[in-house]
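Residue numbers (the working numbering): -18 to 74.
C-beta atoms are modelled at their ideal positions from N, C-alpha and C, and glycine is treated no differently.
These numbers were taken from a predicted model, which means no experiment stands behind them.
Reading through the structure tokens given below for one structure.
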């Protein structure tokens, strides 16, 4: 149950950060939290600004993880972040 609470705390924090940075939460699948800039509809901003917002959110997510403890180890959690920029392509099967 402690791990479930930790994940809930983490994703709640990430949800607040997506709102703060005006980016879109696409989906949470397992331990993957997917976000996007410029969605759900194309916004009239430069793509540079979309990428900037996503990078700032990623930075804040890393910093937030220093405050969240892994109950099984007693240390702060670690995350991996991958960022893709450019023309988007989405396929749902």
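| query | result |
| --- | --- |
| Rounded Cβ spacing between residue 4 and residue 35 (contact assumed at less than 8 Å) | 6 Å |
| Beta-carbon gap between residue 49 and residue 58 smaller than 8 Å | yes |
| CB contact flag (residue 45, residue 62, <8 Å) | no |
| Which residues DSSP lists as bridging residue 15, in chain order | 8 |
| Test item: CB-CB of residue 51 and residue -2 under 8 Å | no |
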